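>
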Amino acid sequence: MNARAKNAARAKQRMSNKKFLWIWVPVLAVVTVITVVANVALVVAGGWVASQFGSGTYEFTNSEESADWDTEYYSSDFGSIDEVDAAAKELVEEISGAGIVLAKNEGAALPLAAGSSVTMLGRAAADPVFGGSGSGSVDTNSAVNARQGLENAGFTVNDAVYGAIEAYAAENPRGYIEMDNPGASTYFIGEMPVSGYEAQSASFGQFSDAAVVYIGRPGGEGGDLTRDMTDWDENAEPGQHQLELNKDEKDLVELAKANFDTVVIVVNSSTTIEMGDLQADTGVDAILLAGSPGATGLNAVGRILSGDVNPSGRTADLWAADFTADPTFPNFGGFLYDNLSVSYPVSSIETATSNATVTDEAPFVNYAEGIYFGYRYYETAAAEGFIDYDQAVVYPFGYGLSYTDFAWEVTDTQAGAVDGTIAVTVQVTNTGAVAGKDVVELYYTAPYTPGGIEKSEVVLGDFAKTGVIEPGASESVTLELPVEDMASYDYADAAAYVLEAGDYAISVRTDSHTVAAGTEPITYTVDSDVVYSGENHRSTDLAEVTNQFDDVSAQFSTEPEDGKVLSMSRADFAGTFPTAPTADQLVASDAVAEGFAAWDYDAAADAFSGDMPTTGASTDLSLIDLRGLPKDDPKWDELLDSLSVGDMTDMLLNGAYQTAAIGSIGKPQTTEPDGPAGFSSFINSSINGVAYPSEFLIAQTWDVDLGRAMGEMLGNEAMFKDINGWYAPAANLHRSPFAGRNFEYYSEDPFLSGTMMTSVSNGAAAKGVYTTLKHFALNDQETNRVNNGIATWATEQTIREIYLKPFEMAVKNISMDVSYLSDTEGTISQTTVGSTAVMSSFNRIGATWAGGSEALMTNVLRGEWGFEGFAISDFNLYPYMNPNQGISAGTDLTLTFQPSKSFGDTTSAKAVSDIREATHNILFTVANSNAMNGLAPGATVSYTPPTWVYIQIIATVVVGLLLLAGAFLVTRRVLRNRQAGAPAAAAEPAVAGAGRGADGK
């Protein structure tokens, strides 16, 4: 082959430049785009990535001068985390033993004889409800189960029957129910039909001392319990709800009655259920209300059944006979405005996880019952002759039995002036045969005028739990009631709290309905109305308290009126009993529509008249220098002036279970896990801790000492896990028994809830842990909770007296001792701070998102109550929860990981001022917490990025070099191909021409 032919052959074999570039240019471009996008994504989602793989470490080094100073501001009471865990499990059992309510004990059926042989029945015997699902859930993999609880107490358990239940539960998980209306239910009851016991029925006779029947009801975040089971229970009758016994459970009780002389029911539920039939059933001998018991609480069930523990729990809710007759029933669930279409631009709150959603629905709920729910309704309706109390109520609020008897005597009464306190001392004597604890409850009855301020017949004013009292022994307790606490909120006329003139009856009761035997109500007379307005506010208020929610109250009327909700009144329960929303109430007004509209940060910026704050100034101060200083100390301004907007927004927008570090001022990263039943984390399972009982069961202890002990134990746990804050306790109220998160909240009563929340928080504060009180406020159902935010309508009296009350009590009464270094010699000084963290809620107060309500988050929380800490949103992956609106209103931190552009405005004087104030609130909290352990003024800080950042950098450099190399090789090949192809191309015409010539053409 001649050279010309070889050259032509090579040219024919070589891929053309056009085809080569068509292949490789897209490859290089795609790799380049992927690399750029990946790096941008890591920047945008840096907070989330850091939460999964670490955010690096800041190393703080104290100066030589301060090296020997005492910087251990808080320390553990234990030597290791194992010691903490062991003590915590003992405490969990103690709490459960003190909270389980003995509701029925006919013929002294309990305690059972030592060593009894028992048969456990019911799904919950092998599949207990330890707690709830969602952010309040805890790890119960190693928890004591129901069988172990009985065997540890010395009982022998029917293994054959237990095995059958265990196998059935494993094969038939309760599972989440997907309904047409999301959020309308949570879990199947899932009881084993009695036919499942047939094969083991022969064993009943060998374990016949008692049948212990477990009835369970789980609950969880994101869904309420269904009020109609017909979609998922083939035996359910129309309208049969999840909180009454279903056919399988009724059959199970009949099976137990037919085969055992002693039948004990254990209710394993953190919400009330309809117990009237079981309470009245003479074949049921005893009932325990056991709640959700946590890691070791089922040991307490065994010890109560054996008599080793004398039950002393009291109900934290009233247990009604028929939930459908409750005034909250018609207005619980999913209601949507017919005429309101709502949408938000996703770009206004873009998130790294792309979970932001936009819907056009506008949900709402009317608290038409006002202050009349729970015992407040039943006691008042009975007093007015509207209901037969004995028929309507199974267990009063504050009710519980004991294995012994107590006698009470009022030994002293101190009735102060209207600006003082009423004190009642009660001597409690154990007149029975075994040692036990008792609960003394103090209620007040305020004078009521029909048509005037609404008043409940009785209201819990104080309570006390005794220690263990031996038979024949006595203990005295003193209950105190500030007179101003009996004032009612008059939103219609005085726009203030009013202590109306008249006689107030102060009664000592064993429960909300029963005045203690041998005692008489004490009469306290107020001569003339006391209006707590202007400077004459209540002693506990920081400033004047007046109407803040007129727009919410405006939805209600005391007379039938088109479009308005009829407000339930004691003056006419029959005529004002709540109904479901009428057709005209499904039409939103212009004011409601305006409340649902997206927040306009441009308008807010234009209306702002303040100056642009200083940013990026130099300072020698670090955060530790400000520990112990008042929040208005001038040094705070100097520190805040030094921060850049980027420093601040990076922290404010990445607040999920942490506050981010700011190296320039020596602020460490903090750790803040969920949840109310013990530490739990979705993103860092290593900090998950011992499972505590549900708040429902904790409240049933009526024991503030145990509440504080729980908080202190969690504080000790925090010391070993570097935990600084805690998303708990939670004090929304059990407005309805169908609420899915009742397990996560204490009670229907604001006073009991607020008292327990305060005691737990004060215990945690002893170890420098700030508690994030949640969910603030009126977050009392799960249905429609994130569907553009459910508009919650209530009168201001209802809002203040009921739903804000537990938060108010906690904010005003939580106290954290703060040790700090006060001079250059290392002198330790002491100060105190109050409550320093709150979590806002998903819902709206009226039509305004709770976290974006200035009335709630600033005027009430900070202005009236004196709160100085930070507020964090609930999980705000939803467009209506606007970060700019939040910080403007007083919600400082976002419970997500978001890019800085989630703030629509970071450049106006308004936005920077808000960002600065939010940063101040967070820094003040962190500076006075255990996060500063080990730091002294003058400490220096160095930062080591996490491993994933190095991997990112190395991978980016390697890919970049490969791209450069690839581009070089592609370019070289194209050039060579072009050069190699030029001679061949030039020769081709001659060859072709020769050929043509040869052909004689």
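Residue numbering for the sequence shown follows UniProt numbering, starting at 1 and increasing by one per position.
Built from N, CA and C at the ideal position, the CB exists for glycine as well.
Note that the coordinates shown come from a computational prediction; the quantities given were computed from them, not determined experimentally.
Rounded to whole angstroms, what's the CA-CA distance from S16 to T971? Just pull it up for me.
13 Å
> Taking its Cβ as the centre, do 16 or more other Cβ atoms sit within 10 Å of K455, making it buried, or is it exposed?
buried
> Out of curiosity, what's the CA-to-CA distance linking E638 and S908?
21 Å
> Would you check if the distance between the CB atom of S270 and the CB atom of G219 is smaller than 8 Å?
yes
> With the cut-off set at 8 Å, would you say P613 and R916 are in Cβ contact?
Their beta carbons are under 8 Å apart, which means P613 touches R916 by this criterion.
> For R741, count neighbouring C-beta atoms within 10 Å of its own C-beta (all shown protein chains included) and say buried if the count is 16 or more, exposed if not.
buried
> What first and last residue would you give for the beta strand (DSSP E) that runs through G502?
Boundaries of the beta strand (DSSP E) harbouring G502: 502-509, taken from the DSSP string.
> Within a Cβ cutoff of 8 Å, which residues of the same chain sit near N145, ignoring the five residues on either side of it in sequence?
A126, P128, L298
> Determine, using beta-carbon pairs with one atom in the stretch 279-290 and one in the stretch 679-691, whether at least three such pairs fall under 8 Å.
no
> Can you round the beta-carbon distance between N331 and A368 to whole angstroms, since I take them to be within the 8 Å contact cut?
5 Å
> Taking all protein chains shown into account, do 16 or more other C-beta atoms lie within 10 angstroms of the C-beta of K18, making it buried, or fewer, making it exposed?
The residue in question, K18, is exposed, as its Cβ has fewer than 16 Cβ neighbours within 10 Å.
> Here's a check: name, in chain order, each residue in its chain whose Cβ is nearer than 6 Å to the Cβ of P182, leaving out the five neighbours to either side.
The pLDDT assigned to P182 is 43, lower than 50, so where the model puts this residue is not dependable; a value taken from the coordinates is nonetheless given after this. Counting only Cβ-Cβ distances below 6 Å, and skipping sequence neighbours, we find nothing.
> Considering only C-alpha positions, which residue in the set E249, D650, H513 is nearest to D390?
H513
> Looking at C-alpha atoms only, which residue of T546, V426, Y403 is the closest neighbour of D308?
Y403
> Consult DSSP for H775 and reduce its assignment to one of helix, strand or coil.
strand
> Tell me whether T61 sits in a helix, a strand or coil according to DSSP, three-state version.
strand
> Using only the alpha-carbon positions, how far apart do W702 and L566 sit?
35 Å
> Starting from M648, trace the alpha helix (DSSP H) in both directions and tell me its first and last residue.
645-652
> Buried or exposed: where does V212 fall if 16 or more other Cβ atoms within 10 Å of its Cβ makes it buried?
By the beta-carbon neighbour count (other beta carbons within 10 angstroms, threshold 16), V212 is buried.
> So what does DSSP say about A598, is it helix, strand or coil?
coil
> Classify N17 as helix, strand or coil using the three-state DSSP reduction.
helix
> So, does the stretch 436-446 touch the stretch 549-558, judging by three or more C-beta pairs under 8 Å?
Cβ pair count under 8 Å is below three, so no.
> Going along the chain, which residues of its own chain have a beta-carbon closer than 7 Å to the beta-carbon of L252, five neighbours each way excluded?
Excluding positions up to five away in sequence, the list reads L121, G122, E191, V194, V213.
> Between the stretch 424-444 and the stretch 403-414, can you find at least three pairs of beta-carbon atoms closer than 8 Å?
With a cut-off of 8 Å, the stretch 424-444 and the stretch 403-414 count as touching, because enough Cβ pairs lie within range.
> Applying the 10 Å Cβ sphere with the 16-neighbour rule, what's the burial state of S528?
exposed
> If you compare alpha carbons, which of E796, P111, D326, S306 is closest to P578?
D326
> Would the stretch 302-318 and the stretch 232-251 be scored as touching if the rule is three or more Cβ pairs under 8 Å?
Not touching, per the Cβ criterion.
> Quick one: give me the first and last residue of the beta strand (DSSP E) that R217 is part of.
210-217
> Output needed for residue 1010: all residues of its chain with C-beta closer than 7 Å, excluding positions within five of it in sequence on either side, in chain order.
Residue 1010 falls outside the range modelled here, since the chain spans only 1 to 1001, and no answer is possible.
> Please state the DSSP three-state secondary structure of T906.
coil
> For the alpha helix (DSSP H) containing E470, list its first residue and its last residue.
Unbroken run through E470: none, as it is neither H nor E.
> In three-state terms, what does DSSP make of F78?
coil
> Spatial neighbours of residue 1037 within its chain, please: CB distance less than 6 Å, with the 5 preceding and 5 following residues excluded, ordered by chain position.
Here the chain covers residues 1 to 1001 and nothing more, so residue 1037 does not appear.
> Could you check where the alpha helix (DSSP H) with T758 kicks off and where it finishes?
That run of the alpha helix (DSSP H) goes 750-765.
> Whole-angstrom Cβ separation of F743 and S292, contact assumed at under 8 Å?
6 Å
> Apart from the five residues just before and just after L91, which ones in its own chain have a Cβ nearer than 7 Å to its Cβ?
Cβ contact annotation for L91 (same chain, cutoff 7 Å, sequence separation greater than five): A709, M710, M713, in chain order.
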